[in-house]
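Trainee:
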Amino acid sequence: MTIGEFSKKTGMSTYTLRYYENKKLIVVLRDDKGRRVYTEKDIEWVQFIKRLKETGMKLSEIQKYALLRYEGEKTMLKRLELLEKHYHFVVEQQKNGRYICKI
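Just so we're aligned, residue 118 is where the sequence shown starts under my numbering, counting upward by one.
(1) From V163 to K126, what does the alpha carbon distance come to, in whole angstroms?
(2) Tell me, please, which residues DSSP counts as bridged to R153.
(3) Nearest-angstrom Cα distance between K150 and F206?
(4) Which class does L142 belong to by DSSP, given the choice of helix, strand or coil?
(5) Name the two residues that bound the continuous alpha helix (DSSP H) containing G121.
This is the structure:
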């Protein structure tokens, strides 16, 4: 699907999608003419990124997670550590009344 179609399906602007691509949060396949080609897996990934943002995860942390994700299965434990660290941050914020987020 094109960036326009992908934008509609994810609810994210094309500007944001290009920004995420520039920051290596999303690695997008290209066709033989250099146009972006998004897949259903990309939709799932963007939805996950949106959930991380909703929990207050910093973009730099999401970027670390994304880079690890694109390295494959061998990084699963490192990714889990990032998520656990963030989970504890969110819980602490909730305890202190500074952050309201459903986890």
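In this text, a Cβ means the ideal position worked out from N, Cα and C, and glycines have one as well.
None of the values given here were measured: they were computed from a predicted structure.
Mentor: Per the coordinate set shown:
(1) On the sequence shown, residue 163 is found 46 positions in, with the first residue counted as 1. On the sequence shown, residue 126 is found 9 positions in, with the first residue counted as 1. Going from the Cα of V163 to the Cα of K126 covers about 10 angstroms.
(2) Numbered from 1 along the sequence shown, position 36 holds the residue referred to as residue 153. Note: R153 sits in a beta bridge opposite R147.
(3) Within the sequence shown, residue 150 is the residue found at index 33, counting from 1. Within the sequence shown, residue 206 is the residue found at index 89, counting from 1. Going by the C-alpha atoms only, they are around 44 angstroms apart.
(4) Mapped onto the sequence shown, residue 142 falls at position 25. Coil.
(5) Walking along the sequence shown from the start, residue 121 turns up at place 4. Residues I120 to T127.
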